[in-house]
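Protein chains in written order, with my numbering: chain S, 42 to 296; chain Z, 1442 to 1455.
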């Protein structure tokens, strides 16, 4: 039997909201340590990796690891029947479940839904646990804003790191521009900008993926960008007390 | 000209 209860069901809704435009069908994996998900977008350029640790749930039980194939669109239809302040419980009964049950619980209402599961044959990538040569932490809303602004000018965005900070730049048909974000150690942790640069990087990415990734900014006030030269970048949103959502994007490289 | 590289170039299939 598998059972996982979110004290804050709104959080689960935010996670689904964050990934719904990146991936369509996903395998949700549950085992004794928690719930995880890994899925690529249809163009195989971006990858979503979610980890929710067992300790972050109000209640968690998983006797045998299981894989639940879900349509994100259908999952969202069911989640629309819950309130943002509801507690949400996910549950399966059988060893090889064909449905995933949802209980939405508020002060004055309990709702039950069953979502039909699918058998999905999905390519899983072995993402190495590497050290990155530049790691930048910055406010997630600031990153969202920069991507939106520069994305107007060109479809590719450049990222350059140095000991002084991080620079975003574009070159398009209409002209070019750059935005430098300075390091700061303000008392407000959500406004801090930190750069750990062992080796500076200079990379280019398709900004439209960043604009999709930025839907996850509702999960955390800070975003962590980890980069190495000519390698995929990872954008990480820490989900407080529960785990993290990591979004990988392959770079664009000079032909 | 910038070319988009797929993720499978970097990460092996499991």
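Note that CB positions come from ideal geometry on N, CA and C, so glycine has one too.
Extent of the continuous alpha helix (DSSP H) run through residue i
i                     : result
residue 117 (chain S) : 113-120
residue 253 (chain S) : 248-254
residue 55 (chain S)  : 50-60
Residue i vs residue j beta-carbon contact at 7 Å
i                      : j                      : result
residue 285 (chain S)  : residue 181 (chain S)  : no
residue 156 (chain S)  : residue 119 (chain S)  : yes
residue 130 (chain S)  : residue 70 (chain S)   : no
residue 104 (chain S)  : residue 42 (chain S)   : yes
residue 167 (chain S)  : residue 1455 (chain Z) : yes
residue 248 (chain S)  : residue 198 (chain S)  : yes
residue 1448 (chain Z) : residue 257 (chain S)  : no
residue 145 (chain S)  : residue 112 (chain S)  : no
residue 48 (chain S)   : residue 99 (chain S)   : yes
residue 142 (chain S)  : residue 132 (chain S)  : yes
residue 275 (chain S)  : residue 269 (chain S)  : no
Residue i classed as buried or exposed, judged by whether at least 16 other C-beta atoms fall within 10 angstroms
i                      : result
residue 1442 (chain Z) : exposed
residue 277 (chain S)  : buried
residue 226 (chain S)  : exposed
residue 54 (chain S)   : buried
residue 82 (chain S)   : buried
residue 273 (chain S)  : buried
residue 160 (chain S)  : exposed
residue 79 (chain S)   : buried
residue 68 (chain S)   : buried
residue 293 (chain S)  : buried
residue 97 (chain S)   : buried
residue 106 (chain S)  : exposed
Start and end residues, beta strand (DSSP E) containing residue i
i                     : result
residue 72 (chain S)  : 66-72
residue 227 (chain S) : Element bounds for residue 227 (chain S): n/a, residue is neither H nor E.
residue 291 (chain S) : Segment: none, residue 291 (chain S) is in no beta strand (DSSP E) and carries neither H nor E.
residue 192 (chain S) : No beta strand (DSSP E) contains residue 192 (chain S), which is instead part of the alpha helix (DSSP H) from 181-192.
residue 125 (chain S) : Careful: residue 125 (chain S) lies outside any beta strand (DSSP E) and carries neither H nor E.
residue 266 (chain S) : 263-268
residue 211 (chain S) : 206-212
Any non-hydrogen atom of the ligand SAH closer than 6 Å to residue i Cβ
i                     : result
residue 176 (chain S) : Only the bare structure without any ligand can be found here, which leaves the ligand SAH out of the picture.
Listed from N- to C-terminal order along the chain, which residues in the segment 171-205 of chain S have their beta-carbon within a distance smaller than 8 Å of any beta-carbon of chain Z?
197
Does the structure place the segment 174-189 of chain S close enough to the segment 233-249 of chain S that three or more beta carbon pairs sit under 8 Å?
yes
Taking 8 Å as the cut-off, does the segment 245-252 of chain S touch the segment 186-205 of chain S (at least 3 CB pairs, one atom from each stretch)?
yes
For the structure I just gave you, are there three or more beta carbon pairs, one from the segment 79-93 of chain S and one from the segment 136-147 of chain S, closer than 8 Å?
no
Output needed in chain order: residues of the segment 141-167 of chain S with a Cβ under 9 Å from some Cβ in chain Z.
164, 165, 166 and 167
With 7 Å as the limit, tell me which residues of the segment 73-86 of chain S have their beta carbon closer than that to any beta carbon of chain Z; keep them in chain order.
81, 85 and 86
Contact list for the segment 229-255 of chain S against chain Z, Cβ threshold 8 Å:
245 and 247
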